[in-house]
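S.K.: Pasting a structure here, questions to come.
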Amino acid sequence: MADNDNTKRNEKEVQKAVIKVDVSSDKMEARVSFDTTNGTHALTEEEILEALKEKDISFGLDHEAIRAATKSLVPFIAARGERPVKGEDAYIERKFDLGVRGRPKIDQFDRADFKDLNLFTLTKAGDVLAERIPQTDGTPGRNVFGVEVAPRKGKPCPLPQGKNTETDGENTVRAAINGQIVDMGKKIEVDPCLVIKGSVGVSTGNIDFDGSVEIGGDVTRGFAVKATGDISIKGFIDAAEVSGRNVFVEGGISGGVGGSAMKKGLGKVTAKEDVRALFTTNGTVEAGRDIYIRDAILHSEIYAGGSLLCVEKRGMIIGGTVTASVLIRANSTGNAGSVRTTVAVGVDPLAERLRSELRAELKEMKRELQRLAQALKSLDHRQIASLPPDRAERFLKMTHEQYALAGDIKRKENMLSEAEDRIKRAGAGRILVLDRVYAGTCFSIRSLRYTAERQMPATLVTIKDNVLDVSPYVKA
């Protein structure tokens with residue numbers, strides 16, 4: 006019996022294993038394994054290559070792995086295809102560098118450098134603004150059967166052609182006019198630029214311009230400047246109203262004496278993005294993004310959707326209310342006379358105001374929509390043909406008003422939803438006073454408040470464990 010078992014084992018060792026070849030679903034790998042049911046004798050390299058040839062596998066053979074397999078019966082990858090290389094996506098190469106336009110760098114000593122901000126990036130008609138580098142086809146691959154595999158082509162991208170630009174060929178965008186480059190991301194535009202060499206006043210009247218405005222002097226008392234682009238003012242804003250995308254004032258912003266001008270709506274600066282000025286006194290400044298005041302904020306109302314920085318020169322905030330969503334940084338707050346100075350973060354004041362205004366507008370609009378619906382309901386549509394012409398015309402007009410009003414309500418509701426999202430996203434925020442906090446300063450983060458009853462050194466105000474934390478600030 007033992008002899009029979011030995012005989013069978015010897016026969017099995019003499020007979021060769023059976024080669025099995027499996028190809029992956031993507032045809033990029035050929036795997037060789039061995040069936041040792043009837044034999045365990047190793048195979049030659051030629052026998053493995055012949056088995057692969059019978060399966061039409063001819064590309065990417067791993068001869069080193071095949072030779073190694075002749076010494077063992079361990080499964081292995083005998084061939085690997087060459088995968089196709091996807092084409093590169095098209096991209097836009099901008100021929101200008103806005104960089105961190107207008108944003109001062111804060112160094113390790115908490116100082117902001119307001120020099121050389123490159124506030125305007127100007128171009129001339131015909132200048133190349135951007136070029137599209139087209140997508141590529143990619144590199145073909147080849148599977149283990151030697152069949153070419155087509156690559157995926159790169160994705161195209163649209164030309165960023167915006168207002169006051171033109172195309173030159175298929176891949177180039179040029180400026181169509183002289184003006185200021187405005188990079189909107191998906192579009193590049195050129196704002197026309199209105200240059201006023203002197204001051205805005207009786208000689209110019211109010212300015213309302215579709216583009217950017219450069220003013221070589223002041224904006225004098227009682228006048229207004231409004232622009233869809235950026236506004237640069239070499240002088241001062243004196244109890245005047247200025248509104249633009251960014252507002253840059255080399256001088257200061259004055260709202261008048263004793264705050265009386267503020268009550269009349271004068272001395273007000275509004276920007277969709279940033280505001281920069283030397284100082285503001287008895288003024289109102291609103292920015293959707295950041296506000297940079299180089300010297301002093303005196304008895305003013307400040308609202309920043311991002312951060313407020315007042316750290317160059319004296320960097321002091323005295324009186325009034327300053328509010329920002331993210332950060333307020335100043336050298337000092339209040340004064341030796343303990344004048345009440347409110348410093349608040351953690352809210353988006355502009356979004357909250359917009360929410361309040363939209364709610365009031367929607368309430369009135371829905372009331373009007375209901376009135377129109379009731380008036381139209383009182384008229385049977387079947388009676389329209391028999392109405393006198395003037396009443397029939399009125400009916401049609403009311404119907405159009407109803408549809409238009411319903412559309413306006415929908416748009417306002419979307420704006421309200423966006424404003425509420427902005428309010429929810431507003432972080433806890435922080436307040437950093439780098440030198441001195443005077444008594445009378447009221448710090449506020451969201452609904453938490455703290456009023457300084459004595460003078461304090463450099464101070465950091467944050468929220469910790471849902472409690473307002475007012476701690477000494479130590480520079481790193």
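In the numbering used here, the protein residues as written are 6 to 481. Backbone N, C-alpha and C define an ideal beta-carbon position, used for all residues, glycine too. Since the model is a prediction, treat every value here as computed from it, not as a measurement.
Just the Cα atoms here: how many angstroms apart are Lys25 and Gly143?
M.R.: Translated into positions along the sequence shown, residue 25 becomes position 20. Translated into positions along the sequence shown, residue 143 becomes position 138. Taking the straight line from one Cα to the other gives about 35 Å.
S.K.: In whole angstroms, give me the CA-to-CA distance for Val205 and Tyr443.
M.R.: By one-based count along the sequence shown, residue 205 stands at place 200. By one-based count along the sequence shown, residue 443 stands at place 438. Whole-angstrom Cα-Cα distance: 38 Å.
S.K.: Using only the alpha-carbon positions, how far apart do Ser383 and Leu377 sit?
M.R.: As a working note, residue 383 is residue 378 in the sequence shown. As a working note, residue 377 is residue 372 in the sequence shown. Cα to Cα, Ser383 sits roughly 10 Å from Leu377.
S.K.: Does the pairing of the segment 144 to 153 with the segment 183 to 191 give three or more beta-carbon distances under 8 Å?
M.R.: Segments in contact, no.
S.K.: Suppose you measure from the CA of Val254 to the CA of Lys277; what does that come to, to the nearest Å?
M.R.: Taking the sequence shown and counting its residues from 1, the one referred to as residue 254 is at position 249. Taking the sequence shown and counting its residues from 1, the one referred to as residue 277 is at position 272. Roughly 15 Å separates the two Cα atoms.
S.K.: Considering just the uninterrupted stretch of the alpha helix (DSSP H) at Glu50, what are its terminal residues?
M.R.: Position 45 of the sequence shown holds residue 50. First-last of the alpha helix (DSSP H) with Glu50: Glu50 to Glu59.
S.K.: Rounding to the nearest angstrom, what Cα-Cα distance links Lys371 and Phe214 in this structure?
M.R.: Against the sequence shown, residue 371 aligns to sequence position 366. Against the sequence shown, residue 214 aligns to sequence position 209. Approximately 34 Å between the Cα atoms of the pair.
S.K.: From what residue to what residue does the alpha helix (DSSP H) around Arg226 run?
M.R.: Along the sequence shown, one-based indexing puts residue 226 at 221. Note, Arg226: premise wrong, no alpha helix (DSSP H); not H, not E.
S.K.: Buried or exposed: where does Asn169 fall if 16 or more other Cβ atoms within 10 Å of its Cβ makes it buried?
M.R.: For this step, residue 169 is matched to residue 164 along the sequence shown. It is buried - the Cβ of Asn169 has at least 16 other Cβ atoms within 10 Å.
S.K.: Taking DSSP as the reference, what is the three-state secondary structure of Thr209?
M.R.: On the sequence shown, position 204 is the one that residue 209 refers to. Coil.
S.K.: For the segment 268 to 318, which segments carrying the beta strand (DSSP E) assignment without a break, of at least 3 residues, lie completely within its bounds, in sequence order?
M.R.: DSSP runs (the beta strand (DSSP E)) wholly in the segment 268 to 318: 273 to 276, 280 to 286, 289 to 292, 296 to 309 and 312 to 315.
S.K.: Smallest Cα separation from Lys158: which of Ser259, Gly184 and Glu93?
M.R.: For this step, residue 158 is matched to residue 153 along the sequence shown. Comparing Cα-Cα distances from Lys158 to each of Ser259, Gly184 and Glu93, the minimum goes to Glu93.
S.K.: Hey, how far is the Cα of Ala349 from the Cα of Gly260?
M.R.: As a position in the sequence shown, residue 349 is number 344, starting the count at 1. As a position in the sequence shown, residue 260 is number 255, starting the count at 1. So the two alpha carbons sit approximately 22 Å from each other.
S.K.: Output the boundary residues of the alpha helix (DSSP H) element that contains Pro393.
M.R.: Along the sequence shown, one-based indexing puts residue 393 at 388. Segment: none, Pro393 is in no alpha helix (DSSP H) and carries neither H nor E.
S.K.: Could you name each continuous beta strand (DSSP E) segment of 3 residues or more that falls completely within the segment 165 to 195, going from the start of the chain to the end?
M.R.: Entirely contained in the segment 165 to 195, the beta strand (DSSP E) runs reaching 3 residues are, in chain order, 170 to 172, 177 to 180 and 184 to 188.
S.K.: With respect to the alpha helix (DSSP H) encompassing Lys382, which residues constitute its N-terminal and C-terminal limits?
M.R.: Your numbering for residue 382 matches position 377 in the sequence shown. Unbroken alpha helix (DSSP H) run through Lys382: Pro354 to Lys382.
S.K.: Could you please give me the residues that DSSP links to Asp142 through a beta bridge?
M.R.: Position 137 of the sequence shown holds residue 142. Partner(s): none; Asp142 has no beta bridge.
S.K.: Let me make sure I understand the geometry here. Which of Leu314, Ala47 and Thr456 has the alpha-carbon closest to that of Val280?
M.R.: As a position in the sequence shown, residue 280 is number 275, starting the count at 1. The candidate whose alpha carbon is nearest that of Val280 is Leu314.
S.K.: Tell me Cys447's beta-bridge partners as DSSP assigns them.
M.R.: Indexing the sequence shown from 1 puts residue 447 at position 442. Looking at the DSSP assignment, Cys447 forms a beta bridge with Thr347 and Thr456.
S.K.: Between Ile53 and Ala74, is the Cβ-Cβ spacing less than 8 Å?
M.R.: Counted from its first residue, the sequence shown places residue 53 at position 48. Counted from its first residue, the sequence shown places residue 74 at position 69. Yes; because the gap between Cβ atoms is below 8 Å, this pair is in contact.
S.K.: I'd like to check one pair, Asp223 with Gly240: are the Cβ atoms closer than 8 Å?
M.R.: Sequence index remark: in the sequence shown, residue 240 carries index 235 (1-based). Sequence index remark: in the sequence shown, residue 223 carries index 218 (1-based). Yes, the Cβ-Cβ distance between Gly240 and Asp223 is below 8 Å.
S.K.: Give the list of continuous alpha helix (DSSP H) stretches no shorter than 4 residues that lie fully inside the segment 25 to 94.
M.R.: You should have 50 to 59 and 68 to 74.
S.K.: Does DSSP put Phe400 in a helix, a strand or coil?
M.R.: What you label residue 400 is simply residue 395 of the sequence shown in a count that begins at 1. Three-state DSSP puts Phe400 in a helix.
S.K.: Check Leu103 in the structure and name its three-state DSSP category.
M.R.: Within the sequence shown, numbered from 1, the residue matching residue 103 stands at position 98. In the structure shown, Leu103 sits in coil (DSSP, three-state: anything other than H, G, I, E or B).
S.K.: Could you tell me which uninterrupted beta strand (DSSP E) segments, each at least 3 residues in length, are contained entirely in the segment 317 to 342, listed from first to last along the chain?
M.R.: Segments of the beta strand (DSSP E) lying fully in the segment 317 to 342: 321 to 329 and 332 to 338.
S.K.: Rounded to the nearest angstrom, what separates Asp413 and Gln407 at their Cα positions?
M.R.: Counting from 1 along the sequence shown, the entry for residue 413 is found at position 408. Counting from 1 along the sequence shown, the entry for residue 407 is found at position 402. Going from the Cα of Asp413 to the Cα of Gln407 covers about 10 Å.
S.K.: Using three-state DSSP, classify Ala232 as helix, strand or coil.
M.R.: Locating residue 232 in the sequence shown gives position 227, where the first residue counts as 1. Three-state DSSP puts Ala232 in a strand.
S.K.: Using a Cβ-Cβ cut-off of 6 Å (strictly less than) and excluding sequence neighbours within five positions of Thr347, which residues of its own chain qualify?
M.R.: Residue numbering aside, residue 347 sits at position 342 when the sequence shown is read from its first letter. Excluding sequence neighbours, Thr347 sits near Thr326 and Cys447.
S.K.: Take Lys469 as the anchor and find which of Arg435, Arg441 and Gly445 has the nearest alpha-carbon.
M.R.: For the purposes of this step, residue 469 is identified with residue 464 of the sequence shown, where counting begins at 1. The shortest C-alpha separation from Lys469 is found at Arg435.
S.K.: At the level of alpha carbons, what is the spacing between Gly221 and Leu283?
M.R.: Numbered from its first residue, the sequence shown carries residue 221 at position 216. Numbered from its first residue, the sequence shown carries residue 283 at position 278. C-alpha separation (whole angstroms): 16 Å.
S.K.: Would Ser77 be called buried (16 or more neighbouring beta carbons within 10 Å of its own) or exposed?
M.R.: To locate residue 77, count along the sequence shown from 1; it is residue 72. Under this definition Ser77 is an exposed residue.
S.K.: Where does Arg147 sit, in a helix, a strand or coil, going by DSSP?
M.R.: Here residue 147 corresponds to residue number 142 of the sequence shown, with the count starting at 1. Looking at Arg147 - three-state DSSP - the assignment turns out to be strand.
S.K.: Are the Cβ atoms of Leu439 and Ala457 separated by less than 8 Å?
M.R.: In the sequence shown, the residue the question calls residue 439 occupies position 434. In the sequence shown, the residue the question calls residue 457 occupies position 452. No. Outside cutoff.
S.K.: Would you tell me roughly how many angstroms separate the C-alpha atoms of Ser449 and Tyr455, rounded to the nearest one?
M.R.: Indexing the sequence shown from 1 puts residue 449 at position 444. Indexing the sequence shown from 1 puts residue 455 at position 450. Roughly 6 Å between the two C-alpha positions.
S.K.: Pick out whichever of Arg36, Asp300, Asp235 and Val195 has its Cα sitting closest to the Cα of Gly131.
M.R.: For this step, residue 131 is matched to residue 126 along the sequence shown. Closest by alpha carbon: Val195.
S.K.: Helix, strand or coil: how does DSSP classify Gly216 here?
M.R.: Position 211 of the sequence shown, counted from the start, is the residue given in the question as residue 216. Gly216 falls in the coil class under three-state DSSP.
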